[in-house]
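Participant:
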Amino acid sequence: MASEPPVAAANGMIGRIIAILTKPKHEFEAIAAEPMTVQGMLIGWAAPLAAIGPIANMLRQLVFGYSNLGIRVEIPMSSILPFAVASAAIGWVMGLVMVVALALVISELAPNFGGQKDMTAATKLAVFSFIPAWLTGIFGLVPGLGVLGVLGLYSFYLLYVGLPILMRAPQDKAIAYVVVAVLCAVVLTVVASWFVNATSAIFEPQVVPGMRVRF
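My numbering applies: residue 334 is where the sequence shown begins, and numbers increase by one.
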């Protein structure tokens, strides 16, 4: 598998996803040894996986209607479609931006914790750590299941496991490095979520009298 290109075939991708979820330490060691490029990881892994959540949310809005604060409003397709598509596109782009930003932060911080500055290794860490968060985006497809997205917090554990391996931080400084990296990931997640909500609001459909409201 060491010679496999970073743009993974479907079977290879599924196998790697299962491995990173079930035996992360072993899989991160394998990932560290594999030749990959930043571009290849973003196109072959981040781009398709980061699209899961946005597409699920878009389909939910188109099938079940627009909802806000638990209130569902049946809005004509012509009104909800621009909002659903725009929200999905913005969410997908911000997902990719967040991964690159986190990788950049991790790489830049490495020398401060005895590690090696390496954007490729940092991108490996960011991309493969985010897999649980991306996969749980599928729960956004059905109203009420979005709360299961909390399972995506497993991504922070993967970050904890993979960081010392990929960034070569000494054991005595690895914990501090992990804490800082996780905090940066949390901040980036909050900022990205705020940006997606703020920009999507531009396309938000207007609720007018006569529309059916359900709770």
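Beta carbons: idealized from backbone N, C-alpha and C, even for Gly.
As the structure is a computational prediction, the values presented were derived from the model and not from experiment.
Tell me where the alpha helix (DSSP H) around Pro381 begins and ends.
Facilitator: Ala380 to Ala383
Participant: Which class does Pro503 belong to by DSSP, given the choice of helix, strand or coil?
Facilitator: coil
Participant: Can Val515 and Leu492 be called in contact, C-beta distance under 8 Å?
Facilitator: In this structure, the beta-carbon distance from Val515 to Leu492 falls below 8 Å.
Participant: Going by C-alpha to C-alpha distance, which of Val475, Pro476 and Leu468 sits closest to Leu484?
Facilitator: Leu468
Participant: In terms of alpha-carbon separation, which member of Ser440, Cys517 and Phe416 lies closest to Leu499?
Facilitator: Ser440
Participant: Using alpha carbons as the reference points, say which of Leu437, Met427 and Leu392 lies closest to Pro415.
Facilitator: Of the candidates Leu437, Met427 and Leu392, the residue whose Cα lies closest to the Cα of Pro415 is Leu392.
Participant: What did DSSP end up calling Thr453 once you bin it into helix, strand or coil?
Facilitator: For Thr453, the three-state secondary structure derived from DSSP is helix.
Participant: Roughly how many angstroms lie between the CA atoms of Phe571 and Ala466, to the nearest whole one?
Facilitator: Any question about residue 571 goes unanswered here, given that the chain covers just 334 to 548.
Participant: Nearest-angstrom Cα distance between Gly482 and Leu474?
Facilitator: 11 Å
Participant: Give me the residue from Phe461, Cys517 and Gly495 with the minimum Cα distance to Val371.
Facilitator: Phe461
Participant: In angstroms, rounded to a whole number, what distance separates the CA positions of Lys450 and Ala434?
Facilitator: 15 Å
Participant: By the DSSP assignment, the alpha helix (DSSP H) with Ile423 in it spans what residues?
Facilitator: Met410 to Leu442
Participant: Report back the beta-carbon spacing between Phe438 and Cys517 to the nearest angstrom; my notes put them in contact at under 8 Å.
Facilitator: Reading off the sequence, residue 438 comes out as Val, not Phe. Yes, they are in contact, since the Cβ atoms of Val438 and Cys517 sit about 5 Å apart, within 8 Å.
Participant: Using only alpha-carbon positions, find the residue among Val426, Gly348, Gly398 and Tyr487 that is nearest to Pro476.
Facilitator: Gly398
Participant: For Pro503, does the count of other Cβ atoms within 10 angstroms reach 16, so buried, or fall short, so exposed?
Facilitator: exposed
Participant: Pick from Ile351, Gln394, Ile388 and Ile423: whose alpha carbon is nearest that of Thr527?
Facilitator: Sequence check: residue 527 is Trp here, not Thr. Cα-wise, what sits closest to Trp527 is Ile423.
Participant: Within a Cβ cutoff of 6 Å, which residues of the same chain sit near Ser336, ignoring the five residues on either side of it in sequence?
Facilitator: In this prediction, Ser336 has a pLDDT of 44, which is less than 50 and means its spatial position is unreliable; what the coordinates show is noted afterwards. Excluding sequence neighbours, Ser336 sits near nothing in its chain.
Participant: Quick one: what does DSSP say Lys358 is sitting in, helix, strand or coil?
Facilitator: helix
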